[in-house]
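All remarks here apply to the structure that follows.
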Amino acid sequence: MLAFLLRRIGYLIFVVWGVGFAAFFISHVVPADPAAAALGSNARPAQIEAYREKYGLDLPVYQQYLRYMVNLFQGDLGNSLRTQRPILSDLRDFFPATFELTLGAMFFAALFGVPAGVIAALYQDRPIDLGVRSLALVGGATPVYWLAILALELFHSRLGWLPGPGELNPYLLEPHRVTGMLVVDAALAGEWQVFGSAVSHLVLPAAVLGAFSTALLARMVRSAMLEVLSQDYVRTARAKGLAGRVVVFKHAMRNAALPVLTVMGSLLGSLLTGAVLTETIFSWPGIGSYATSSAIGLDFPAVMGVTLVAGLVYSLINLLVDVLYGVFDPRITYA
Amino acid sequence: MTAPAFLRSKPARRFLRNPGTVIGTALSLALILVALLAPLLAGDPLLQHLSDRLQGPSAAHWFGTDQLGRDVWARVVWGSRISLRIGFVVVAVSLLAGGTVGLLAGMLGGAWDELLMRVTDIFLAFPALILAMAISAALGPSLGNVMIAVAAVSWPNYARLLRSQVLAVRTLDYVEASRALGAARFRQALLHVLPNTITPLLVQASFDIGSAILTAAGLGFIGFGAQPPTPEWGAMVSETRNFINEAPWASSAPAIAILVTVLAFNLLGDGLRDVLDPRGRTRR
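Respectively, the protein sequence lines represent chains B and U. 1038 is the number that my numbering gives the last residue of the first sequence; the numbers go up by one with no jumps. 895 is the number that my numbering gives the last residue of the second sequence; the numbers go up by one with no jumps.
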C-alpha cells in the first residue's frame, strides 16, 4: 500500500509538472503579445518595453521558465497581468465559489441520478426505464449554456421563484470569510438571511451544472445495477427468500457502488474545471470566470495558475478514487 | 419480398432491433445530407433584413429571424457544415495522433511505453476548456484553432484505448505465430494488431464526434471560436441570448440543432457498441 501510494504520488508530481510545462510553452511560444494586450492600443513602444522588462517577457523562454519554476517552489505563481495581484491570492478568492458550485452540482446529480438509475435497472425495458434512458440521453447532449439561459428565463424572469445571476442579493453583506463558500460561512456566522439568499442563488447554477452529471450518473448506475442484478449471488439471495428490498439495498447496491464511485470521482474533477460556461452565464465568481477573463485578456500567468491548480485537483481526485477503491473492495490489492 | 441478406445477418439484426440505434443512424445521415445540400436547402445565412427583425416562425422563415433580421433556418443549416466539419476533423486528428501514440506504446513496451503513457496522462489531466481557451486566445479565435484546441484534449483517450487493445491482442496466438515466423514489429503492428483493435476505436470515435461538437460550440458560445457573423451554432446561441424573451426561437433553434446532432452520434455510438461488442450489451 505504501509503495503504491508513493509511486502514485510520484506520478502525480510528474503529471502536474508536465501540465505546467506544457501550459508554459503554449502560452509563451505564441504570436499574441500580452504586453500590448495589457497596456491597450494607445501604449507607446517605450511603455511596452518597460512592461516587458518588468515581467521578464524580454528574456529567452528557457530563462523565463527557470524563473517561473524558482518562484513556484517558493509558493509564488507570479502576479496577474490583469488584476495586478498575486495569482495565488486570486485563486484563493475564486476557488471556493467553484468548489461550492461543484458540490451543489454533485449533490443534485446524486439526489436524482442515483435513484433514477436504480429504478430504471429494477424495471428494465418498462416505460419508466425507457423514460429514464431517454431523459439521460437528452441530458447528456444538451448544451449547458442553453439550459442555463432557459432556466434563468423560466425560473427567474417569468416565474420569479429564484434569484438571477450572482452569489448573493446585492444589498446583503458577505459573511465573515472562513471557507470562502458563502453558504458555509453564512451558516457558521449564524446569519440566516444571508444563508437563505446564498442557498437560493446556488440552486439554479448547481442544477444546471449538475444536469449533465445527473444524466451520466443515471446511465452508469443503471448499467452497474443491471450487471450486479444478473450475478449468481443476487439470484441466490432471491432464491433463499430474502425480501426484494434487502436484495436491492444490501446485495446489489453495495456492489454496484464501486463503478459508480469512479464515475463520481471523475465527474468531480471535470466539474471543477468544467464550470466555465455555467459560471460565465450565472456571473459566478469562480475560477471558471477567472480563467475566461484571464484568457480573453491574454493574462497567461493567471491562465497558467488556473491550469496548474486544475491539473493538481484532477490528479488528487483520481488518486483518492483509486485509494477508496481499495478500501471498498477488499479483493483489490496494491501490488 | 424478403430483406436483403446483409439485413438478415446477426449483427445487422441486432443493430436494427434497437430503435435508438436506428434513429441515431438516420439522424446522423440526415444531418450529413443537410450539411452537404446546404446551398439547396437554405438561402444566404448572412443576409440582413433589419425591417424583419425577430420575426416568429413562418412559411418564409421556418425558424423565424434573429435580431438582425437574418433567417434562422438558413443560419442553422449552414451552421451544420461548421459543426460537422469540426466533429469529423477533430476525431480524425485525435484518432491518428492518439492511435499512433497508443500503438507505439503498446508495441514498443518498456521504457517507451512508460514515457508515452505518462505524457498521455499529462494531457488527460489538462482542464479541457481552459486549455482550449488558452490555445485559441494565444493563436487568435478561429475555427481552425478551435479544432486544434479540442483535438489537443481528446487524443489521450485514443492513446489509452489503443494501447490496452494492443496489449490484449499482442499475446494472441496468431500474433505470436507471426512473430515466430520473423515478422518485423512494424509489420506485425500494421497487419495483425491494428485491424483487430478497430472496433472499440470506432465506438469511441462515434461518441467523440458528439462531444467534440459540444465542446467546440461551448467555445463558440464564450467567444473563443468562430467570430460573428459566421453561422456557428454556439456563437448563434450567444448572439441571440438577450432576445430569449421576445424571440426564443432565435437562440433555441441552434441550441436544439446542437442537441440533436450530439444525440444522433451518441445513439450511433451506443448502437455500434451493441453490435460490435456483444459483451458490452448490458452497459447501455
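C-beta atoms are modelled at their ideal positions from N, C-alpha and C, and glycine is treated no differently.
Does chain B have any CB closer than 9 Å to the CB of U:Asp-732? So, interface residue.
In or out: B:Trp-895 buried (at least 16 other Cβ within 10 Å) or exposed? By the 10 Å Cβ count, B:Trp-895 comes out exposed.
On the CB-based measure, 16 or more other CB atoms within 10 Å of its CB, does B:Ala-851 come out buried or exposed? Burial call: buried.
From the DSSP output, read off the bridge partner residues of U:Pro-859. Answer is none; U:Pro-859 lacks a bridge partner.
Determine the direct distance from the alpha carbon of B:Pro-763 to that of B:Phe-776, and round the result to whole angstroms. Each residue's CA atom was taken as its position, placing B:Phe-776 and B:Pro-763 some 20 Å apart.
Considering only the alpha carbon of each residue, which of U:His-672, U:Val-700, U:Leu-661 lies closest to U:Ser-765? U:Val-700
I need the DSSP call for U:Asp-682, collapsed to helix, strand or coil. Residue state for U:Asp-682 is assigned as strand, using DSSP reduced to three classes.
Run through DSSP, which three-state label would B:Val-745 get? As written in the sequence, residue 745 of chain B is Asn, which differs from the Val given in the question. The answer is coil: DSSP assigns B:Asn-745 none of H, G, I, E or B.
Whether B:Ser-860 touches B:Gly-1008 by CB criterion (9 Å): Judged by beta-carbon spacing, B:Gly-1008 lies beyond the 9 Å limit of B:Ser-860, meaning their Cβ atoms are not closer than that value.
Per DSSP, what kind of secondary structure is B:Asn-782 in: helix, strand or coil? strand
Tell me the rounded alpha-carbon separation between B:Thr-786 and B:Leu-1023. For the pair B:Thr-786 and B:Leu-1023, the Cα-to-Cα distance works out to about 34 Å.
Return the chain-ordered list of same chain residues with a C-beta closer than 7 Å to the C-beta of B:Leu-1027, the five sequence neighbours on each side being excluded. Leu-964
May I ask you to report which of helix, strand or coil DSSP gives B:Thr-644? As shown, chain B starts at 704 and ends at 1038. That puts residue 644 of chain B outside it, with no answer to give.
As assigned by DSSP and simplified to three states, the class of U:Val-782: Checking the displayed sequence, the identity of residue 782 of chain U turns out to be Thr instead of Val. In the structure shown, U:Thr-782 sits in coil (DSSP, three-state: anything other than H, G, I, E or B).
Taking Cβ-Cβ distances below 8 Å as the criterion, which residues of the segment 837-863 of chain B are in contact with chain U? Leu-840, Val-841, Gly-843, Ala-844, Thr-845, Pro-846, Val-847, Tyr-848, Trp-849, Ile-852, Leu-853, Glu-856, Ser-860
Whose C-alpha, out of B:Pro-1033, B:Thr-983, B:Asn-745, B:Gly-781, is nearest the C-alpha of B:Val-847? Measuring from the Cα of B:Val-847, the nearest candidate turns out to be B:Thr-983.
For B:Trp-987, the first and last residue of its enclosing alpha helix (DSSP H): Unbroken run through B:Trp-987: none, as it is neither H nor E.
Rounded separation between B:Thr-801 and U:Thr-676 - CA only: Cα-Cα distance, rounded: 37 Å.
State buried or exposed for B:Val-886, treating a residue as buried only when at least 16 other CB atoms are found within 10 Å of its CB. With at least 16 other beta carbons inside 10 angstroms of its own, B:Val-886 counts as buried.
State buried or exposed for B:Met-923, treating a residue as buried only when at least 16 other CB atoms are found within 10 Å of its CB. buried
Burial state of B:Ile-712, where buried means 16 or more other Cβ atoms lie within 10 Å: Classification for B:Ile-712: exposed.
At a CB distance below 9 Å, what residues from the segment 840-873 of chain U approach chain B? Give them in sequence order. Answer in chain order: Trp-844, Gly-845, Val-848, Ser-849, Arg-852, Ile-855, Asn-856, Pro-859, Ser-862, Ser-863, Pro-865, Ala-866, Ile-867, Ile-869, Leu-870, Val-871, Thr-872, Val-873.
Spatial distance of B:Leu-865 from B:Leu-907 (CA atoms): 8 Å
For the segment 981-1001 of chain B, which residues have a CB atom closer than 7 Å to at least one CB atom of chain U, in sequence order? Thr-983, Ala-994, Thr-995, Ala-998, Ile-999, Leu-1001
By DSSP's criteria, U:Ile-676 is part of a beta bridge. Which residues make up the other side? According to the sequence shown, residue 676 of chain U is Thr rather than Ile. The partner list for U:Thr-676 (beta bridge, DSSP) reads U:Asp-682.
By Cβ distance below 8 Å, which residues in the same chain neighbour U:Met-758 in space, the five residues on each side in sequence not counted? So the qualifying residues of the chain are Ile-697, Val-700, Val-701, Val-704, Ala-827.
Distance, Cα to Cα, U:Gly-717 vs U:Ala-736? 21 Å
With a threshold of 16 other CB atoms inside 10 Å of the CB of B:Val-773, please say whether the residue is buried or exposed. Under this definition B:Val-773 is an exposed residue.
Of the residues that make up the segment 809-842 of chain U, which ones have a beta carbon closer than 8 Å to any beta carbon in chain B? Gly-821, Leu-825, Ala-828, Gly-829, Phe-832, Ile-833, Gly-834, Phe-835
Name the residue from B:Ser-903, B:Ala-998, B:Val-881, B:Ala-960 whose alpha carbon lies nearest to the alpha carbon of B:Val-1030. B:Ala-960
Run the CB neighbour count on U:Asn-856, radius 10 Å, all protein chains shown included, and call it buried at 16 or more, exposed below. exposed
Three-state secondary structure (DSSP) of B:Pro-1033: coil
To which residues of the same chain is U:Phe-832 closer than 8 Å at the C-beta, ignoring the five residues directly before and after it? Leaving aside the five residues that flank U:Phe-832 on each side, the residues in its chain whose CB is nearer than 8 Å to its CB run, in chain order, Gly-845, Ala-846, Val-848, Ser-849.
Could you tell me the alpha carbon to alpha carbon distance between B:Phe-815 and B:Thr-917, rounded to whole angstroms? 6 Å
Please confirm if B:Leu-709 has its CB atom under 9 Å from at least one CB of chain U. no
For a contact meaning CB atoms closer than 7 Å, what does B:Gly-1029 contact in chain U? Within 7 Å Cβ-Cβ: nothing; B:Gly-1029 doesn't reach chain U, min ~20 Å.
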